[in-house]
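I have placed the structure first, in the form of structure tokens, so that the comments after it can refer back to it.
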Amino acid sequence: MWRPTSVDRPTGVFIGLIVVSLVLITVDLRASGAGIGGTLREGVQDVFTPVQRVVSAGTRPVADFLEDLSDIFSLRGENRRLRDEVIELERQLVEGESLLTRVGELEAILGLEPPAELDSIVAQVLAVGVSEFDHSRVIDRGRSAGITVDMPVIDEGGLVGRVISVTDEVSRVQLITDPSVRVAVRVDRTGETGVLTGRGSAPMVLEMFNTDAAVVEGDTLSSADGRFPAGITVARVLEPARSEVGFSLRTTAEPTAQLTRIDFVRVLVFTRDEAGIQDLEDLGRPPIIIPSDDPPAEGESDEGLPTETTIPTGEGEGEGVTGTGEEGG
Amino acid sequence: MNAILKYRRAAVVVVSIILAVVLQTTLFLRLRPFDAAPALVMLVVIAFARHLPAEFALFGGFSAGLLEDLLSQSALGLWALTLTTVAYFVVRIRDRLEDDFSLLAPFVFGLSVGGITLFAVLGTIFGEKTLADAGFLRNILVPSLYNVALTGLVLPLLTWALGVRDKQNPYQV
């Protein structure tokens, strides 16, 4: 006759706690981080924020001192590199000024409005993720400062990430190096578009779909139209792109923002209402955006409705016209 | 006396978990040699699980993990499961361990590697893309090495704070 094997008390408690953990994971995943899990997270973060503020302020001088100490060893090389960079930048500045004049003239001829400057909220990084697999940062501004989910975050170097959750006092920012992040980018030199994918602590991967346009080391990549506003510097290419079975060019790039040492950031007051459309980066292909000519139906407000239709180029998953779905995110 | 010691140990566990979580998320924000930080909370769980009665140790590990889950974007319960497992292994092995760094160091290293790997694997199974991180080996090994480096400080400190004097019968509350 079958009898249950006797289990000692610690093992019984262990099994019980494992079952509770698995239930929690399942419930939280089903609620997609919202529901009771989301409420608890917000509450615990609110409780911990004052403590984190105090400890962060207290440990900052120590971190600064140790950081400065480690910097001393690399200062000479850094100085030489910066001098070279200044010479190069001065040259680029002269070129840039003449280009700006030409762009202004062309905009005037075409009757185009120059792009408006986005408002931004300055914030300081308060806390880091709890493990090396958590590519997020907590910043000290939240809902009360006007921050909402999905706003882009930048620093003086370029794109840092986007806001993924907000409490009244703080926000959590997902870094662009997170393996789940894909950013539609444009090579500044050629104007070709591609997709940049985070790989955690390793350099990001850039995939270009036009195999004819070369991507070389040092090329800078800016955000293309997508989840982020166009034109934000995102990364710098580390090596020339190689062709992968003739379908795409592939290379690595490093973020231009100092992600390992970020302190102050700016949250751009930008939410892409019309791109509650499918997340363009998730399609794996750079988008073509076709302005829609259809006027809204009578009695229908066009507020909150997309005015553009997005078509991913090329083949593969997500191919075809994506409409106004709300599955984005 | 017994009750006082019991409350003292409970208080020490709660305070050490909170302190470890706060330091983990603030001090190591910029103090990150080789762009990594120790898994301090895991080290604290290992430290108190050596001395507490088995059930207390397991609940302590579970609570520490749950707190980590609540302060991160990982699925609620993922760290709880990981740290409960770590505490369980400590409870099973602790009788064979002595307060000798040459024994404790490989023990802490092995548990840290095992714990972080378990988290990474579970994270991937539950869709967290943890193993999609191209530096996952580094993310496992470097924090584990830092944990070994901190073993000489954290383990004796918690042993002292928990008021463990009788090495022959340390779990007696």
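Chains A and B supply the protein sequences, listed in that same order.
Under my numbering, read the first sequence as residues 25 to 353, first letter to last.
Under my numbering, read the second sequence as residues -16 to 156, first letter to last.
Every residue gets a Cβ at the ideal spot worked out from N, C-alpha and C, and that includes glycine.
In chain A, what lies closer than 7 Å to residue 124(B) by C-beta? Those within 7 Å of residue 124(B) in chain A number zero; the least Cβ separation is about 10 Å.
In whole angstroms, what separates the C-alpha of residue 135(B) from that of residue 143(B)? 13 Å
Would you list the one or two residues that DSSP bridges to residue 415(A)? Residue 415(A) lies beyond the residue range present for chain A, which begins at 25 and ends at 353; the question has no answer from this structure.
Just verifying my parser: in three-state terms, what is the DSSP assignment at residue 278(A)? strand
Would you mind telling me which residues of chain A sit closer than 8 Å to residue 18(B), beta carbon to beta carbon, in chain order? 225 and 284
Any beta carbon from chain B within less than 9 Å of residue 38(A)'s own beta carbon? Residue-level contact check: residue 38(A) touches chain B, since one or more beta carbons of chain B fall below 9 Å from its beta carbon.
Residue 176(A) - DSSP class collapsed to helix/strand/coil: strand
Cβ separation of residue 171(A) and residue 187(A), assumed to be a contact under 8 Å, to the nearest whole Å: Between residue 171(A) and residue 187(A), the beta carbon gap of about 6 Å places them in contact (Cβ cut-off 8 Å).
By Cβ distance below 6 Å, which residues in the same chain neighbour residue 162(A) in space, the five residues on each side in sequence not counted? 150, 151, 194 and 196
By Cβ distance, which residues of its chain are closer than 7 Å to residue 214(A), with the 5 residues on each side in sequence left out? 237
Using a Cβ cut-off of 7 Å, pull out every chain A residue sitting near residue 13(B), in sequence order please. 87, 91 and 285
Less than 9 Å between CB atoms is the rule here; does residue 151(A) satisfy it with respect to chain B? yes
Which one of 131(B), 106(B) and 129(B) has the shortest CA to CA distance from residue 50(A)? 106(B)
In the DSSP assignment, the beta strand (DSSP E) including residue 288(A) goes from what residue to what residue? 288 to 292
In the structure shown, what three-state DSSP assignment does residue 7(B) receive? Residue state, collapsed to three classes: helix.
Are the CB atoms of residue 253(A) and residue 292(A) nearer to each other than 9 Å? yes
Less than 8 Å between the CB atoms is what I'm expecting for residue 26(B) and residue 6(B), so what's the real figure, rounded? At roughly 11 Å, the Cβ-Cβ gap does not stay under 8 Å, so residue 26(B) and residue 6(B) are not in contact.
Below 8 Å, can you find three or more Cβ-Cβ pairs linking the segment 114 to 131 of chain A to the segment 71 to 78 of chain B? no
Taking the straight line between their C-alpha atoms, what separation do you get for residue 154(A) and residue 61(A)? Approximately 17 Å, taken between the alpha carbons.
Assign residue 55(A) to buried or exposed, taking buried as 16 or more other Cβ atoms, counted over all protein chains shown, within 10 Å of its Cβ. exposed
Per DSSP, which one or two residues make a beta bridge with residue 231(A)? 219(A) and 274(A)
On the three-state DSSP scale, how would you describe residue 148(A)? strand
Taking Cβ-Cβ distances shorter than 9 Å, what residues in chain B pair up with residue 156(A)? Under the 9 Å cutoff, chain B gives 18, 19, 20, 22, 99, 116, 118, 119, 121, 122, 123, 125 and 126.
Along chain A, in chain order, which residues have C-beta atoms closer than 8 Å to that of residue 51(B)? Within 8 Å Cβ-Cβ: 154 and 155.
State yes or no: is the beta carbon of residue 76(A) nearer than 9 Å to at least one beta carbon in chain B? yes
For residue 232(A) and residue 251(A), I'd like the C-alpha separation in whole angstroms. 18 Å
When burial is assigned at 16 or more other CB atoms within 10 Å of the CB, is residue 71(B) buried or exposed? buried
Compare the Cα-Cα distances from residue 84(B) to each of 145(B), -11(B), 146(B) and 131(B) and report the closest residue. 131(B)
Say whether the segment 200 to 211 of chain A touches the segment 221 to 231 of chain A, bearing in mind that this needs 3 or more beta-carbon pairs closer than 8 Å, one atom from each stretch. yes
For residue 76(A), the nearest candidate out of 59(B), 111(B), 12(B) and -6(B) (CA to CA): Sorting 59(B), 111(B), 12(B) and -6(B) by C-alpha distance to the C-alpha of residue 76(A) places 12(B) at the top.
Residue closest to residue 48(B), alpha-carbon to alpha-carbon, out of 86(B), -3(B) and 34(B): -3(B)
According to DSSP, simplified to helix, strand and coil, what is residue 211(A)? strand
Sorted by chain position, which residues of the same chain lie with C-beta nearer than 8 Å to residue 98(B)'s C-beta, five sequence neighbours on each side aside? Once the five neighbours on either side are set aside, the close Cβ partners of residue 98(B) are 22, 25, 65, 66, 68 and 69.
Measure the C-alpha to C-alpha separation of residue 114(B) and residue 115(A) and round it to an integer number of angstroms. 43 Å
Listed by chain order, chain B residues near residue 68(A) by CB distance under 8 Å: Correct list: 50, 53 and 54.
Starting from residue 48(A), follow the alpha helix (DSSP H) in both directions and report where the run begins and ends. 33 to 54
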